[in-house]
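Novice: Just so you know, full-length UniProt numbering puts the end of the sequence shown at 124, numbered straight through with nothing missing.
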Amino acid sequence: MLELAVLEGLWGHGGRDAKSVHAEIGVRRGISLNTVQSTLERLFRKGLLRREKVSHAYLYSPALQRKELMERLIGDVVETFSDGRPEPMLAAFVDLAARVDEENLARLERLLAERRAQGAEDAP
């Protein structure tokens with residue numbers, strides 16, 4: 001997916017113009033500068049990029065870090081498919097973690113414990 005490749009490039013390098021993004025991603029994929037520019041514009045309109053006019057070009061930078069985008073995308077999927085009931089989604093997530101390996105389940109348990117501890121610290 002071109003949008004993800006562009007985001008990956010910007011996460012790794014910060015503010016860049018369309019020509020430098022094209023040099024890194026577009027040339028390798030055999031796509032035009034116009035396609036890269038359209039992709040940058042689309043990501044900007046979606047709120048995933050910021051841009052700043054410098055001389056005659058825009059410099060684009062990520063509006064969200066990878067973790068923030070992942071949280072947003074997962075939230076969108078849950079909202080779309082859960083029908084207001086989070087239990088099936090949570091069960092599917094645990095099943096997915098278990099299919100990868102047993103260490104993923106242990107990691108999930110640690111993350112839950114950390115989140116609970118953080119919530120207890122934040123409580124009045």
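Quick reminder that beta carbons are idealized off the backbone N, C-alpha and C, glycines included.
1) Excluding sequence positions up to five away, which residues of its chain have a Cβ less than 8 Å from the Cβ of T39?
2) L64 and R51: beta carbons closer than 8 Å?
3) Pairing CB atoms from the region 76–89 with CB atoms from the region 19–34, are three or more of them under 8 Å?
4) Which value, in whole angstroms, describes the spacing of the CA atoms of E102 and L96?
5) Would you mind stating whether residue 209 and G47 have Cβ atoms separated by less than 8 Å?
6) For H56, which option in G119, R42, D17 and G84 has the closest C-alpha, if you only look at C-alpha atoms?
7) Going by other Cβ atoms of all chains shown within 10 Å of its Cβ, with 16 needed for buried, is L49 buried or exposed?
8) Any idea which residues DSSP pairs V36 with across the strands?
9) Consult DSSP for A57 and reduce its assignment to one of helix, strand or coil.
10) With distance defined between alpha-carbon atoms, name the residue in A92, R115 and K67 nearest to residue 158.
11) So Q118 is in the alpha helix (DSSP H); what residue range does that whole segment cover?
12) Measure the alpha-carbon distance for A91 versus L73 and round it to whole angstroms.
13) Pop quiz: N104 and A113 are said to be a contact at Cβ under 8 Å. What is the actual Cβ separation, rounded to whole angstroms?
Specialist: So, to answer that:
1) L2, E3 and V6
2) no
3) no
4) 11 Å
5) An answer regarding residue 209 cannot be provided, because it is not within the stretch 1 to 124 covered by the chain.
6) D17
7) buried
8) V36 pairs with nothing; no bridge assigned.
9) strand
10) Residue 158 falls outside the range modelled here, since the chain spans only 1 to 124, and no answer is possible.
11) E102 to D122
12) Going by the C-alpha atoms only, they are around 18 Å apart.
13) About 15 Å; that fails the 8 Å criterion.
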